[in-house]
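**Student:** With the working numbering applied, the sequence shown closes on residue 304, and no number is skipped along the way.
Here a beta-carbon is modelled for each residue, glycine too, at the ideal position from N, C-alpha and C.
Being a predicted model, the structure only gives us computed values, none of them experimental.
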Amino acid sequence: MTVHRPIDVLEEIRSLRASGEPFAVATVVRTISLTAAKAGAKALIRSDGTMSAGWIGGGCARAAVLKAARAALGDGKPRLVSVQPGDALQEHGVEPGESKDGIEFARNMCPSQGTMDVFVEPILPKPELVICGASPVAVALADLGGRLGFLVTVAAPAEDHSKFGETDVTITDYDLSKLIATERYIVVATQGRGDEAALMAALSAPARHVAFVGSHRKAAALRASLATKGADAERLAAMHSPAGIDIGAVTPEEIALSILTEIVELRRRGQRRSISILSSSKG
């Protein structure tokens, strides 16, 4: 007889992180009265909606938690779900499916009629910083980007690869077609060496943000040239240049800092408020 060992939650977290697959962790943070699972119970929910490890109880909470997990994986924001019996929801003045003070409410249909609060946290792959070029700014970006938690991909001529320290992915020249789609930010820092080829590749790849290291005048000339070569007009218009926030940067390291400051601000826009609401509601 074959005995199947339950999948360990921590082992599964390590495995999913290594594979780059997005998933959510659901943790029971509070229970009132009778509930199948108790505070501290955890479960992992994959992007296809399956619960791959752990346990947070039966059908009383499962549907609501799975729904919250799918939403969290969609927008990258955590959720606090409170599964309560009907009379408790009435006391709070909410209907099943409504949200109030950062809490999403669901009805407990089980005979136990207990209350279970579940925190659902999305675990997403590292955001990808794609750096085109091997200029001093590009090298500084690769170094600082790794320290800030980005998956660093460098696209540059083969003879320039040795200029960089440790990176996650290295691409010869500017073929970005084989990159795995994820949360991506592209910075073209060729600075006169292959500007058009790098920009055309950057504008053809899925990305949340494409920035060009160069002056307004140079960027305008490149936009005009690339427009005649079939570059997407909407992507051309959205290209940001000069890259970065104006902090009076002079050195390559300072310019890299200004560029990553801009990217971090874009990534985190709206997140701090959501986290603050959840923290205050749990307190």
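Quick check on the burial criterion: 16 or more other C-beta atoms within 10 angstroms. Buried or exposed for I284?
**Tutor:** By 1-based counting over the sequence shown, the position of residue 284 is 263. Classification of I284: buried, given that the 10 Å Cβ count is 16 or more.
**Student:** Should the stretch 103–119 be called in touch with the stretch 153–167, which here means at least 3 C-beta pairs below 8 Å?
**Tutor:** Short answer: they don't touch.
**Student:** First and last residue of the beta strand (DSSP E) that includes Q111?
**Tutor:** Here residue 111 is taken as the residue at index 90 of the sequence shown, counted from 1. Counting along the chain, Q111 falls outside any beta strand (DSSP E), though it belongs to the alpha helix (DSSP H) covering G107 to H113.
**Student:** When you compare only the Cα positions, how much space is there between A85 and D29?
**Tutor:** In the sequence shown, the residue the question calls residue 85 occupies position 64. In the sequence shown, the residue the question calls residue 29 occupies position 8. Rounded to whole angstroms, A85 to D29 spans 23 Å at the Cα level.
**Student:** Whose C-alpha, out of G213, A223 and D69, is nearest the C-alpha of R205?
**Tutor:** Locating residue 205 in the sequence shown gives position 184, where the first residue counts as 1. If we check each option's Cα against that of R205, A223 comes out closest.
**Student:** Nearest-angstrom Cα distance between S295 and T191?
**Tutor:** As a working mapping, residue 295 is identified with position 274 in the sequence shown. As a working mapping, residue 191 is identified with position 170 in the sequence shown. Interpretation of S295 is limited by its pLDDT of 45, a score under 50 that renders its predicted location unreliable; the figure taken from the coordinates is listed afterwards. So the alpha carbons of these two residues sit roughly 35 Å apart.
**Student:** Do A45 and I144 have their C-beta atoms closer together than 9 Å?
**Tutor:** In the sequence shown, residue 45 corresponds to position 24, counting from 1. In the sequence shown, residue 144 corresponds to position 123, counting from 1. For the 9 Å CB-CB criterion, A45 and I144 form a contact.
**Student:** How many Å lie between G304 and G123 at the Cα?
**Tutor:** Counted from its first residue, the sequence shown places residue 304 at position 283. Counted from its first residue, the sequence shown places residue 123 at position 102. Legend: pLDDT at G304 = 45, less than 50; position of this residue unreliable, value from coordinates given subsequently. If I take the Cα positions, the gap works out to 12 Å.
**Student:** Exposed or buried, Q319, counting other C-beta atoms within 10 Å across all chains shown (16 or more means buried)?
**Tutor:** Outside the displayed range of the chain (22 to 304) lies residue 319, so it cannot be described from this structure.
**Student:** Can you tell me where the beta strand (DSSP E) with D138 in it begins and where it stops?
**Tutor:** Along the sequence shown, one-based indexing puts residue 138 at 117. T136 to I144 is the span of the beta strand (DSSP E), which, as asked, contains D138.
**Student:** Can you tell me whether A127 is helix, strand or coil according to DSSP?
**Tutor:** Translated into positions along the sequence shown, residue 127 becomes position 106. DSSP, read as helix, strand or coil, puts A127 in strand.
**Student:** Quick check on A39: buried or exposed, where buried means 16 or more other Cβ atoms within 10 Å of its Cβ?
**Tutor:** In the sequence shown, the residue the question calls residue 39 occupies position 18. Flag for A39 reads exposed.
**Student:** Report all residues from its chain with a CB closer than 6 Å to the CB of A58; omit the five preceding and five following residues, and keep chain order.
**Tutor:** Here the question's residue 58 lines up with position 37 in the sequence shown. Closer than 6 Å at Cβ, skipping near neighbours: V49, I77 and G78.
**Student:** Please confirm whether K239 and D216 have their CB atoms less than 9 Å apart.
**Tutor:** In the sequence shown, counting from the first residue as 1, residue 239 sits at position 218. In the sequence shown, counting from the first residue as 1, residue 216 sits at position 195. Contact annotation: K239 and D216 have beta-carbon atoms nearer than 9 Å.
**Student:** Should P227 go down as buried or exposed, given a rule of 16 or more other Cβ atoms within 10 Å for buried?
**Tutor:** As a working mapping, residue 227 is identified with position 206 in the sequence shown. It counts as exposed.
**Student:** Would the beta-carbon of A74 fall within 9 Å of that of E125?
**Tutor:** Counted from its first residue, the sequence shown places residue 74 at position 53. Counted from its first residue, the sequence shown places residue 125 at position 104. Not a contact, by the Cβ cut-off of 9 Å.
**Student:** Whole angstroms is fine: what's the gap from R83's alpha carbon to S68's?
**Tutor:** One-based indexing of the sequence shown puts residue 83 at position 62. One-based indexing of the sequence shown puts residue 68 at position 47. Rounded to whole angstroms, R83 to S68 spans 15 Å at the Cα level.
**Student:** Do T203 and E149 count as a contact pair if the criterion is CB distance below 9 Å?
**Tutor:** Counting from 1 along the sequence shown, the entry for residue 149 is found at position 128. Counting from 1 along the sequence shown, the entry for residue 203 is found at position 182. Contact flag set, yes.
**Student:** Counting Cβ pairs closer than 8 Å, one from the stretch 240–258 and one from the stretch 267–286, do we hit at least three?
**Tutor:** no
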